[in-house]
Amino acid sequence: MIVALLNQKGGVGKTTLALHLAGEWARSGARVLLIDADPQASALDWSEQRSHQGIERLFGVVGLARDTLHRETAELARSVDHVVIDGPPRVAGLMRSALLAADLVLIPVQPSPLDGWASAEMLSLLREARIFRPDLAARFVLNRCGPRSIMARETSASLADQDPPLLPAMIGQRVAFAEAMQHGRLAFELEQDSPAAREIGALATHVGEAGQ
Ligand SMILES: Nc1ncnc2c1ncn2[C@@H]1O[C@H](COP(=O)(O)OP(=O)(O)OP(=O)(O)O)[C@@H](O)[C@H]1O
Ligand SMILES: [Mg+2]
Numbered sequence: 000m001i002v003a004l005l006n007q008k009g010g011v012g013k014t015t016l017a018l019h020l021a022g023e024w025a026r027s028g029a030r031v032l033l034i035d036a037d038p039q040a041s042a043l044d045w046s047e048q049r050s051h052q053g054i055e056r057l058f059g060v061v062g063l064a065r066d067t068l069h070r071e072t073a074e075l076a077r078s079v080d081h082v083v084i085d086g087p088p089r090v091a092g093l094m095r096s097a098l099l100a101a102d103l104v105l106i107p108v109q110p111s112p113l114d115g116w117a118s119a120e121m122l123s124l125l126r127e128a129r130i131f132r133p134d135l136a137a138r139f140v141l142n143r144c145g146p147r148s149i150m151a152r153e154t155s156a157s158l159a160d161q162d163p164p165l166l167p168a169m170i171g172q173r174v175a176f177a178e179a180m181q182h183g184r185l186a187f188e189l190e191q192d193s194p195a196a197r198e199i200g201a202l203a204t205h206v207g208e209a210g211q
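Under numbering that gives the first Met the number 0, the first residue of the sequence shown carries the number 0, and numbering increases by one thereafter.
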């Protein structure tokens, strides 16, 4: 499966969720490639930090922040089970290319009423891509939810009857995610059975179902 994490809004968790999803699939035995389609190259930085520290390589990370992404991804996907694309904020050309490459688009959003608005441009790019690819699947993923947050409930209520639908797995606001990203690690490597690690396990399961 080729999954792209996309949202034109910056800082919503595209890179965090892309790396964790790739890591979750890799540790269950799948061959995974992560494509860093963001000129800021944060996923590549994470991967370099890992290799400098001699941490085990779970999956390959390549930088492909160019408009030919869709063609190159199809080629690269042949040698692995899953490809995860970490998308850029803002760059529409790259977003279009990622939308042409993907089987499933995940749109991370944070539990704030403003996020619905910020994703409007993302949704119009998705509609445009579906002219060429009517079967392209897409889901919102609610990231950084606080415990019993009213905002999270309101956001999920406002997204419930939308297209794309909301993925049932929600990701909490957890220090483990920020810490892992900073140190070239994944949440399960900091603590095997932490709430963060369990949420990622559930995310991978739901993403697998959504992509079928
Ligand atoms: N669930 C979470 N809990 C705590 N911190 C998080 C969570 N998700 C993301 N973060 C933190 O929020 C910041 C932004 O996340 P991230 O880099 O994944 O977003 P992004 O969408 O890739 O940003 P950009 O658009 O700049 O590429 C990072 O510091 C990350 O560690
Ligand atoms: Mg990013």
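All C-beta atoms, glycine included, are put in the ideal place defined by N, C-alpha and C.
Runs of beta strand (DSSP E) lying entirely within the segment 17 to 60, each at least 3 residues, in chain order: 31 to 35
According to DSSP, residue 81 sits in a beta bridge with which residue or residues? 31
Taking the Cβ atom as the reference point for each residue, do residue 60 and residue 99 lie within a distance shorter than 7 angstroms? no
Would you tell me roughly how many angstroms separate the C-alpha atoms of residue 102 and residue 137, rounded to the nearest one? 9 angstroms
Rounded to whole angstroms, what's the CA-CA distance from residue 179 to residue 40? Just pull it up for me. 17 angstroms
Same chain, Cβ closer than 6 angstroms to residue 22, neighbours up to 5 away in sequence not counted: 57 and 185
Which residue from 95, 181, 204 and 126 puts its Cα closest to that of residue 36? 95
Pairing CB atoms from the segment 4 to 16 with CB atoms from the segment 165 to 183, are three or more of them under 8 angstroms? yes
Start and end of the alpha helix (DSSP H) containing residue 122? 119 to 131
So which of 26, 201 and 181 has the shortest CA-CA distance to residue 47? 181
Proximity to residue 5 [Cα-Cα], best of 145, 194, 201 and 120: 120
Going by DSSP, what residue range makes up the alpha helix (DSSP H) through residue 91? 91 to 100
Residue 13: CB within 6 angstroms of a non-hydrogen atom of ligand 2: yes
So, at 6 angstroms on beta carbons, what are the nonlocal neighbours of residue 49 in its own chain, with the 5 sequence-adjacent residues on each side left out? 183
Just the Cα atoms here: how many angstroms apart are residue 7 and residue 107? 10 angstroms
Have a look at the DSSP bridge pairing and note the partners of residue 138. 105
Using DSSP with H/G/I as helix, E/B as strand and the rest coil, what is residue 11? coil
Could you give the DSSP three-state label for residue 145: helix, strand or coil? coil
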